[in-house]
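Structure, as structure tokens:
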Amino acid sequence: MIIDFHCHAGRGEAMTAPWNANADLTHYLRRARRAGIARTVVLPTFHRDYAVANVGLARVVAQHRPHLIGFAMVNCGRDAGRIRKLVGHAVERLGFRGVKAHASESGATRELCEAAREFALPVLLDVFGKPQAMDLIAPEYRDVNFILPHLGSFSDDWRAQQQVVDLLVRHPNVYADTSGVRRFDYLVQAVRRAGARKLLFGSDGPWLHPGLELHKIRLLGLPAKEETLITGGNARRLLGDVRDHLRSPRSRRERRHRGEGALTP
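To convert, take the position in the sequence shown, counting from 1, and add 904; that gives my numbering.
Listed below in structure tokens is the structure:
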């Protein structure tokens, strides 16, 4: 099963750029289907109030079951003091499977990490070209899995991407997604140094073409078993059984507390 671990959906408010206006999935879904993508993790666009944005995203997910898997989004600065409430609502009421934060809004905090730990969620953490804080965060929260989009930098910062490759090697709970990575040799280096178990295919749709981003993984020329890890196996391991998102959110949480489908680095 091919899983795209990074796509945006829903409406923003600022409307000054694609990423804060409207992430319409009409073209993405057609392209993903043609590329053989079976499931897609979707994230809200930037928004003034992520409680509103997360509910809006849940409506999009409901319209396209079982193809979409929702992740909540929080602003660790603006949402300080209510992150656990936002995350809990997203998991228990909206059926979401992870949480995202973006360092352009605010860096990760203990409140975010502890909410992710409590609800057994992976954290998609866009470090916005500044991954060095992961050397502080990852060792303290070994039971939380962190995925760094774009190998650390959508803006093609080779220094950040090199640092992320190093982080993948050093920290068992740090992963990266492949969305928007243009310096192809850093993907090659990440696989060689950290192994295929540390990368997840992502497209950064709907603005980037999922078929094109997926083709980059195939151009790595990996053995079938390793390619399968990147294109879906690692995502399934971090999310649990992706078919499980059709069950009630409460039943999934109860299964995690019983130790079934627990997330491990």
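Glycine is no exception: its CB is placed at the ideal position from the N, C-alpha and C atoms.
Who are residue i's beta bridge partners in DSSP?
i: Y932; result: Its beta-bridge partners do not exist; DSSP assigns none.
i: T944; result: D908, L972
i: R915; result: N926
i: V1003; result: A976, V1027
With a threshold of 6 Å on Cβ separation, who are the neighbours of residue i within its own chain once the five nearest residues in sequence on each side are excluded?
i: A918; result: N924
i: L929; result: A913, P1110
i: P922; result: W1111
i: Q1065; result: L1055, G1056, S1057, Y1090
Taking the Cβ atom as the reference point for each residue, do residue i and residue j lie within a distance shorter than 8 Å?
i: C980; j: I987; result: yes
i: V1078; j: M1038; result: yes
i: P1026; j: N1049; result: yes
i: A1094; j: L1072; result: yes
i: S1083; j: D1108; result: yes
i: L990; j: V978; result: yes
i: D1081; j: G1115; result: no
i: F1000; j: A976; result: yes
i: L1103; j: A1139; result: no
i: D1047; j: R1021; result: yes
i: I1051; j: C1017; result: no
i: A936; j: D908; result: yes
i: A1005; j: A994; result: no
Quick one: residues in its chain with C-beta nearer than 7 Å to the C-beta of residue i, no 5 flanking neighbours on either side, listed in chain order?
i: G940; result: I906
i: I1121; result: T1082, F1105, E1131, I1134, T1135
i: G1137; result: none
Leaving aside the five residues before and after residue i along the sequence, list all residues of the same chain whose C-beta is less than 8 Å from its C-beta, in chain order.
i: R982; result: E1009, S1010
i: L1112; result: S1083, G1084
i: L1150; result: Note that L1150 scores 44 on pLDDT, short of 50, meaning its location in the model is unreliable and no value can be drawn from it.
Open item on the list: Pairs of beta-carbons, one from the region 936 to 951 and one from the region 908 to 919, closer than 8 Å: are there three or more?
Closed with: The answer is yes - the region 908 to 919 touches the region 936 to 951, with three or more Cβ pairs under 8 Å.
Open item on the list: If contact is defined by three or more beta carbon pairs under 8 Å, each pair taking one atom from either stretch, is the region 1028 to 1048 in contact with the region 1056 to 1067?
Closed with: yes
Task: Contained beta strand (DSSP E) runs [length at least 3] in the region 1036 to 1081, N- to C-terminal order - done: 1050 to 1052, 1078 to 1081
Open item on the list: List, from N- to C-terminal side, the beta strand (DSSP E) runs of 3 residues or more that fit wholly inside the region 971 to 1000.
Closed with: 972 to 977, all fully within the region 971 to 1000.
Task: Segments assigned beta strand (DSSP E), at least 3 residues, entirely inside the region 1079 to 1149 - done: none
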